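Accompanying notes for the structure given below.
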Amino acid sequence: MSKTYNAKAYSVASATSPFTSSTIARREPTEHDVQIEILFCGICHSDLHQARNEWKEVMPTVYPCVPGHEIVGRVTKIGAHVTKFKVGDLAAVGCLVDSDGTCPECQAGLEQFCPNPTLTYNFPDKHTGQVTYGGYSDSIVVTERFVLRVPENLDLAGTAPLLCAGITTWSPLRHWGVTKGKKVGIVGLGGLGHMAVKFAHALGAHTVVFTTSENKREDALRLGADEVVLSKNADEMAKHAGSFDFILDAVSADHDINAYIQLLRRDGNLTLVGAPEKPLAVAAFGLLFGRKSLSGSPIGGIPETQEMLDFCGQHNITSDVEVIPIQKVNDAYERLLKSDVKYRFSIDMASLKAE
Ligand SMILES: NC(=O)c1ccc[n+]([C@@H]2O[C@H](COP(=O)([O-])OP(=O)(O)OC[C@H]3O[C@@H](n4cnc5c(N)ncnc54)[C@H](OP(=O)(O)O)[C@@H]3O)[C@@H](O)[C@H]2O)c1
Ligand SMILES: [Zn+2]
Ligand SMILES: [Zn+2]
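Number 208 in our numbering belongs to position 225 of the sequence shown; there are no gaps in the numbering.
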């Protein structure tokens, strides 16, 4: 087991506990490691699902749990064999901190599909024997292969969410060939959804936002949507029947996906990135007529994450964030549940120094 040091963090002790200040053990950087002082960490809805053990069937939570996988900071120490980073560089870490590096998926740069990954939090940590702890902390130590370069021109608070909300929407948009001339729907204008709108617009697609929140209509247009549909309004929905090449569903809770499958054209695809607690019902006939397909997509690999960050640097794209101190994290979770955030909370980790 590696030598460790104490880092400050915010953790939950059970599915129903609030976050409190705590101390965790991080490994001292080994030869290939980069130690990063965390400056900002985004709050993903997955953090909430995990902290509250809502994914117990698939990924039960080990407590205490320190979430956070939208991490941006500065390099404070490097191991002897690190070549890509030096002390003082900006650096970022997303949802993965390691993988076997040898399987066909890793060889293809698709580490998100590796059968032996290490997720950034709540995953067995082979260095410490505990579980991994995420970015609600003052520092993190990650093997160089999983550390991303950050374009210097981007606002850092708004860059943090790119590491999950950004790559999770970028990857399926690219995979399904979203480009000029395609009609693309984005369902749910939250952290993921608003990044998807920015990307679909930047890629040149005709972009339609589906929202349950009337008060997000103006924002959707400002973020790059060509049209906005209030999904509770059946007439507004019916106007788009059979017209979409691709729909990305980024909803965090139970909802009717059949209503969106009906909006796809022949051979159209609906991809789920949202991961609600309970299974979603699918009407077979909705897929049969029109040979439509339903898919899912998890985060993204390291090369594609770097590609996305570089694209954001070139197009000056960041997340729209509400910057909060770590002490407000419990309030932030309650607001996230009410779809009341525009459009991502980004924790200013300097606030942790006060603990
Ligand atoms: N696939 C992956 O790798 C991956 C990665 C990250 C996150 N996720 C998952 O993706 C989902 C979204 O994450 P997020 O961080 O973007 O969450 P978020 O910021 O809370 O956004 C979710 C949005 O879904 C809509 N929504 C919420 N409740 C709804 C309901 N009952 N019916 C219909 N729409 C509803 C709301 O949009 P409107 O107000 O516009 O209706 C809300 O803003 C979560 O389940 C998360 O765990 C998956
Ligand atoms: Zn996430
Ligand atoms: Zn692998």
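Where is the CB? At the ideal position from N, CA and C, for every residue including glycine.
Quick caveat: nothing in here was measured; it's all calculated off a predicted structure.
ask   = Within 10 angstroms of its Cβ, does GLN297 collect 16 or more other Cβ (buried), or is it exposed?
value = Answer is exposed; the Cβ neighbour count stays below 16.
query = Does ligand 3 have a heavy atom nearer than 6 angstroms to the CB of GLU219?
reply = No, ligand 3 has no heavy atom inside 6 angstroms of this Cβ.
task = Within 10 angstroms of the Cβ of LEU271, are there 16 or more other Cβ atoms? Answer buried if so, exposed if not.
result = In this structure LEU271 is exposed. Its beta-carbon is surrounded by fewer than 16 other beta-carbon atoms within 10 angstroms.
inquiry  = Between the alpha carbons of PHE23 and SER329, how many angstroms are there, rounded?
reply    = Cα to Cα, PHE23 sits roughly 6 angstroms from SER329.
query = Comparing alpha-carbon positions, which option in PRO12, TRP159, ALA203 lies nearest LEU278?
reply = According to the sequence displayed, residue 278 carries Ser and not Leu. When each option's Cα is compared against that of SER278, the closest is TRP159.
request  = List in chain order the residues whose CB is within less than 5 angstroms of at least one heavy atom of ligand 2.
outcome  = Ordered along the chain, the selected set is CYS27, SER29, CYS147.
task = Starting from PHE182, follow the beta strand (DSSP E) in both directions and report where the run begins and ends.
result = Element bounds for PHE182: not the beta strand (DSSP E) but the alpha helix (DSSP H), 174 to 185.
Any non-hydrogen atom of ligand 1 within 6 angstroms of LEU270 CB = Outside the cutoff, so no.
ask   = Where DSSP assigns a beta bridge to LYS(-9), which residues make up the other side?
value = Note: LYS(-9) sits in a beta bridge opposite THR6.
message = Considering only their Cβ atoms, is the gap separating ALA185 from VAL192 smaller than 7 angstroms?
response = Not closer than 7 angstroms, so no.
inquiry  = Less than 7 angstroms between the C-beta atoms of SER280 and ASN252, yes or no?
reply    = Result no, Cβ atoms of SER280 and ASN252 do not sit closer than 7 angstroms.
message = Taking the alpha-carbon of VAL324 as reference, which of ALA315, ASP237, MET332 has the nearest alpha-carbon?
response = Nearest option by C-alpha distance: ALA315.
message = Quick check: what's the CA-CA separation for ARG274 versus ALA242?
response = One C-alpha to the other measures close to 16 angstroms.
request  = Whole angstroms is fine: what's the gap from GLN113's alpha carbon to LEU319's?
outcome  = So the alpha carbons of these two residues sit roughly 29 angstroms apart.
message = Just to confirm the assignment: which complete beta strand (DSSP E) runs, minimum length 3, are found wholly within the region 260 to 308?
response = You should have 276 to 279, 304 to 308.
key: Exposure label - THR(-1); buried when at least 16 CB within 10 Å   = Flag for THR(-1) reads exposed.
ask   = Should ALA267 be counted as a contact of ligand 1 given a C-beta to heavy atom distance under 6 angstroms?
value = No.
request  = Determine the contact status of GLU53 and ALA(-8), defining contact as a CB-CB distance below 7 angstroms.
outcome  = No, these two residues do not count as a Cβ contact at 7 angstroms.
ask   = Under a three-way DSSP split, which group does SER235 fall into?
value = DSSP places SER235 in coil when its eight states are reduced to three.
Element boundaries [beta strand (DSSP E), containing SER329] = Per DSSP, SER329 belongs to the beta strand (DSSP E) from 327 to 331.
Identified DSSP bridge partners for GLY56 = According to DSSP, GLY56 shares a beta bridge with ILE21, ALA74.
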